[in-house]
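Student:
In the numbering used here, the protein residues as written are 2 to 188.
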């Protein structure tokens, strides 16, 4: 239920409060609604792109799944760049993922490992990946326990269109932001 509550836009939250207020206050506006308003005012496209129908969705290869093991995952989780460098030199794929498509790039984003993310991307990791539920590394970066703006900037520098990619439930990366962090995201 905590995931469900984090994937709520201000428009759905404000519709339940419509009897007490005519329009949402600045604090009630989700980062997604806040950004979409700005982008629409400037003439940018905000229509959703379904992750699993985009060209970057590919089922994991046997090599990606084989390389996704505890030593590699632990090196990503702990930010062990020296260990990752050695594994990359041994031919390990820096876009390794489990059979569900969750990659080490996803993990680095969820844990806020910006330096690790940059290393992975410079050595074959990709931002154009999604798991079996359509979540991209940007979804995981937005879902992090604390805002990880370094990771988000790195991903959006690689492809700003990823902000529009929605998962299988129709949730964009910005819909994953925890409500307690909304004000930080709107700054």
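Ideal Cβ placement from N, Cα and C applies to all residues, glycine included. Please read all numbers here as calculations on a predicted model, not as lab measurements.
(1) Let me confirm a value: residue 72 is counted as buried when at least 16 other C-beta atoms fall within 10 Å, else exposed. Which label applies?
(2) Consult DSSP for residue 134 and reduce its assignment to one of helix, strand or coil.
(3) If you compare alpha carbons, which of 117, 98, 124 is closest to residue 1?
(4) If I measure Cβ to Cβ from residue 105 and keep anything under 8 angstroms in the same chain, skipping five residues before and after, which residues do I get?
(5) Tell me, please, which residues DSSP counts as bridged to residue 189.
(6) Taking the alpha-carbon of residue 169 as reference, which of 52, 153, 80 has the nearest alpha-carbon?
(7) Distance, Cα to Cα, residue 130 vs residue 88?
(8) Which residues does DSSP list as the beta-bridge partners of residue 104?
(9) Could you have a look at residue 128 and say whether DSSP puts it in helix, strand or coil?
(10) To the nearest angstrom, report how far apart residue 148 and residue 161 are at their CA atoms.
(11) Of the residues 55, 100, 134, 174, which one's Cα is nearest the Cα of residue 153?
(12) Note down, in chain order, each residue of its chain lying with its Cβ closer than 6 angstroms to the Cβ of residue 159, except the 5 sequence neighbours on either side.
(13) Distance, Cα to Cα, residue 47 vs residue 92?
(14) Got a sec, what are the start and stop residues for the alpha helix (DSSP H) residue 42 sits in?
(15) Is residue 1 buried or exposed, if buried means 16 or more other CB atoms sit within 10 Å of its CB?
(16) Suppose contacts are defined by Cβ-Cβ distances below 9 angstroms. Is residue 136 in contact with residue 32 by that definition?
Tutor: On the basis of the coordinates in this document:
(1) Under this definition residue 72 is an exposed residue.
(2) Look at residue 134 here: in three-state DSSP terms it is coil, with no helix or strand label.
(3) The structure shown does not extend to residue 1, since the chain is modelled only from 2 to 188, so the question has no answer here.
(4) Leaving aside the five residues that flank residue 105 on each side, the residues in its chain whose CB is nearer than 8 angstroms to its CB run, in chain order, 69, 73, 74, 77, 95, 96, 97, 98, 121, 126.
(5) Outside the shown range of the chain (2 to 188) lies residue 189, about which nothing can therefore be said.
(6) Nearest neighbour of residue 169 by Cα position, chosen from 52, 153, 80, turns out to be 52.
(7) Rounded to the nearest whole angstrom, the C-alpha separation of residue 130 and residue 88 is 21 angstroms.
(8) Partner(s): 98.
(9) Reduced to three states, the DSSP call for residue 128 is coil.
(10) Going from the Cα of residue 148 to the Cα of residue 161 covers about 18 angstroms.
(11) Considering only alpha carbons, the answer is 174.
(12) Excluding sequence neighbours, residue 159 sits near 128.
(13) Residue 47 and residue 92 have their alpha carbons spaced roughly 39 angstroms apart.
(14) DSSP places residue 42 inside the alpha helix (DSSP H), whose first and last residues are 32-42.
(15) Within the shown structure, residues of the chain are numbered from 2 to 188, placing residue 1 beyond reach of any answer.
(16) No, the Cβ-Cβ distance between residue 136 and residue 32 is not below 9 angstroms.
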